[in-house]
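Engineer: Take a look at this one; I'll ask things after.
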Amino acid sequence: LEKLLFLYYEFCEAGFEGYETEFDILRKTMVFYESTMDRLNNILLCSYRYVETHLAMRHGVQENLYLKSINLQMAYLKKIILDESTNFRIKLRRLNLNEAEKRYKAS
């Protein structure tokens with residue numbers, strides 16, 4: 005989720021409209037996720053289930069670890085979006101965002 009903030013800067017640099025703040029990309033990521041899941045479920049007929057078969061046969065894992073991880077990330081993103089009590093950056097702790105942002109902008 006932290007890397008979405010860098011995607012925001014890339015979108016700004018490319019001139020993509022509709023992203024006025026870093027927070028916009030977080031909100032729009034949730035919308036993108038929901039539309040992608042709708043497409044995967046309805047148009048592509050839950051094709052992600054093939055990953056479950058692959059993981060079970062190849063690694064003995066009985067769940068789709070990719071989907072599990074994505075769902076956990078999206079649940080956390082939803083909490084971030086709904087919680088207006090603190091700055092959302094405080095909740096994105098896996099990177100030192102200030103240092104990474106300085107390096108990104110310098111390059």
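Residue 29 in this note's numbering sits at position 25 of the sequence shown, with consecutive numbering throughout. Just so you know, even glycine gets a beta-carbon here, dropped at the ideal spot from N, CA and C. Please read all numbers here as calculations on a predicted model, not as lab measurements.
1) Skipping 5 residues on each side, what residues in its chain have a beta carbon closer than 7 angstroms to that of Ile85?
2) Quick check: Glu6 and Arg98, are their CB atoms within less than 8 angstroms of each other?
3) Alpha helix (DSSP H) containing Glu56: first to last residue?
4) Quick check: is the beta carbon of Asp42 nearer than 8 angstroms to any beta carbon in chain C?
5) Could you tell me whether any non-hydrogen atom of the ligand NAD is closer than 7 angstroms to the CB of Glu14?
6) Going by alpha carbons, who is nearest to Tyr70 out of Arg53, Ser39 and Phe20?
Structural biologist: Reading off the structure:
1) The sequence position of residue 85 within the sequence shown is 81, counting from 1. Answer for Ile85: Leu30, Arg31 and Met34, listed in chain order.
2) Stepping through the sequence shown from its first residue, residue 6 is reached at position 2. Stepping through the sequence shown from its first residue, residue 98 is reached at position 94. In this structure, Arg98 lies closer than 8 angstroms to Glu6 by Cβ.
3) Taking the first residue of the sequence shown as position 1, residue 56 is located at position 52. It spans Arg53 to His63 - the alpha helix (DSSP H) in which Glu56 sits, taken as one unbroken run.
4) Absent here is chain C; the protein component of the structure consists of one chain.
5) In terms of ligand content, the structure shown is empty, and the ligand NAD therefore cannot be addressed.
6) Counting from one through the sequence shown, the residue named residue 70 turns up at place 66. Considering only alpha carbons, the answer is Arg53.
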